[in-house]
Amino acid sequence: MTAPTCPVCDGRDVAELVRRERLPVMQNVVWPSPEEALAAPCAPFTLGVCRACGFAFNTRFDPALMVYDPRYDNDVPSAVFTDYYRSIAKHLAAQHALTAAPVYDVGCGKGTFLDVLCEAVPGARGVGVDPSCTPREATPERPVALVREMFRAGLLSERPSLVVCRHVVEHIPRPVEFIRAVVDGVRSHPGTPLFFEVPDLDWIVQHQAFWDFCYEHCNYFTPSTFGYALRRGGVALSAARRAFGDQYQWAEGEAGESDPALPGDAGEAVARLTRYATDEQRRIEAAREKLRAANETGPCVLWGMATKGVVFANLVDPEGTLLRGGVDVNPRKQGRYIPGTGHGIHAPEWLATLGDREVTVLVMNGNYAGEIRARCEALGVRARFEVP
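End of the sequence shown = 395 in this note's numbering, gap-free, step of one.
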């Protein structure tokens, strides 16, 4: 096997630390039958960290396995997440004149963030670009156009008021080249603000959240390596912060010059991930034992069948014997099955059909715990709630 090369600094000294022989390649594609879900594409995953710059990535990632089409769905129709979108919109509207020109969203998914932004900022209009979206024209009632394409710089033909790129860069096997393409798209419009968001690797490691390492995400950024990748891609950074309970990180800036200077904390990054890797299998087995014990008093279910729930089920309950199934508020996922294990996805009302025994609900993202508890109480479900 060829030695891995860091996709950010091109370094060849990579420590491979976390190995998984089988993960679903696309956890946000769910299936109409258990048989199809069990046969869904899976592949090996190895988390490596570059000793030169500290960047972490899946050294066994194969981009040929990734198919982003209309089946792909990572929408979260939650009041908590909608409020988070509104907080981003409020922040951006306070910083920039968003009604002067369209807001472009690179990797917009189904266009939900742009819809929320344009509702929160009267007069704003949006253009979303994503290979998985359903194309549509903007209308006065819904001023967001969606373009089903992979991003290319030429799509930014009209001067933007802002370019947003949320939860995309972690999916791109050559992240610096992608960032550079976004920057090149606005070079003819000097001063165009750029807003990027990705998950924060520091949060994953601190919380030992083994369920957040997935195949779709080939890249894992700390604030240090995220800033480095953006600077190397030509972003002149103006601000950075953590968000959404520190699970995410933002970075803002505009087109500038490439800065190849390496971060100074690579050794610390390697040490931190080495400590995490040493303990990961124990954490997975401990989660399995907790499920076995909980099943003595009643059924166990997951709530949240996107990245966290799908990976957790595949690592902790690969045979499908410990979890009765999962709940997700996305109606397009309900009645379908997750890749790799075939666990069923249900509407919240399903919990009321599980009998009189107390249900253990594993809340896969603690940010939604209050919302989930309130929903179960409204349904009359007797449950206890745990965040893994």
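In this text, a Cβ means the ideal position worked out from N, Cα and C, and glycines have one as well.
I'd like to know whether the C-beta atoms of L280 and V21 end up nearer to each other than 8 Å. Indexing the sequence shown from 1 puts residue 280 at position 273. Indexing the sequence shown from 1 puts residue 21 at position 14. No; because the gap between Cβ atoms is not below 8 Å, this pair is not in contact.
Under the three-state reduction of DSSP, which class applies to V394: helix, strand or coil? Stepping through the sequence shown from its first residue, residue 394 is reached at position 387. Note: V394 maps to coil in three-state DSSP.
Tell me the DSSP secondary structure of E148 in three-state form. The count along the sequence shown starts at 1 and reaches residue 148 at position 141. Three-state result, E148: coil.
Where the beta strand (DSSP E) through A247 begins and ends: Translated into the one-based positions of the sequence shown, residue 247 becomes position 240. Here the beta strand (DSSP E) through A247 covers 242-250.
L330 burial status per 10 Å Cβ neighbour count (16 or more: buried): Here residue 330 is taken as the residue at index 323 of the sequence shown, counted from 1. That one is buried.
Distance, N372 Cα to A215 Cα: Translated into positions along the sequence shown, residue 215 becomes position 208. Translated into positions along the sequence shown, residue 372 becomes position 365. It should be pointed out that residue 215 corresponds to Gln in this sequence rather than to Ala. Rounded to the nearest angstrom, the two C-alpha atoms are 13 Å apart.
Residues of its chain near P41, where Cβ-Cβ distance is below 6 Å and the 5 sequence neighbours each way are ignored: As a position in the sequence shown, residue 41 is number 34, starting the count at 1. Contacts found: Y344, G349.
What span of residues does the alpha helix (DSSP H) with R187 cover, start to end? Residue numbering aside, residue 187 sits at position 180 when the sequence shown is read from its first letter. Segment 182-193, the alpha helix (DSSP H) holding R187.
How do the segment 248-257 and the segment 277-297 stand: do at least 3 beta-carbon pairs fall below 8 Å, yes or no? no
Would you mind listing the alpha helix (DSSP H) stretches within the segment 90-172 that are 4+ residues and don't spill past its ends, in chain order? 119-127
Which two residues bound the contiguous beta strand (DSSP E) that contains C49? The count along the sequence shown starts at 1 and reaches residue 49 at position 42. Start and end: 49-57.
Can you name, in chain order, every residue of its own chain whose Cβ lies under 6 Å from the Cβ of R181, other than the five neighbours on each side? For the purposes of this step, residue 181 is taken as the residue at position 174 of the sequence shown. So the list reads P14, once near-sequence residues are dropped.
Other residues of its chain near G130: CB distance less than 6 Å, five sequence neighbours each side excluded: Your numbering for residue 130 matches position 123 in the sequence shown. Only T106 meet the Cβ criterion.
For the alpha helix (DSSP H) that contains L369, what are its first and last residues? Position 362 of the sequence shown, counted from the first residue, corresponds to residue 369. Here L369 belongs to no alpha helix (DSSP H); instead the beta strand (DSSP E) covers 366-370.
What's the call for R238, buried or exposed, on a 16-neighbour Cβ count within 10 Å? The residue given as residue 238 occupies position 231 in the sequence shown. R238 should be labelled buried.
Can you tell me which of G316, V176, A258, A294 puts its alpha carbon nearest to the alpha carbon of H98? Position 91 of the sequence shown, counting from 1, holds the residue named residue 98. Minimum Cα distance to H98 is reached at A258.
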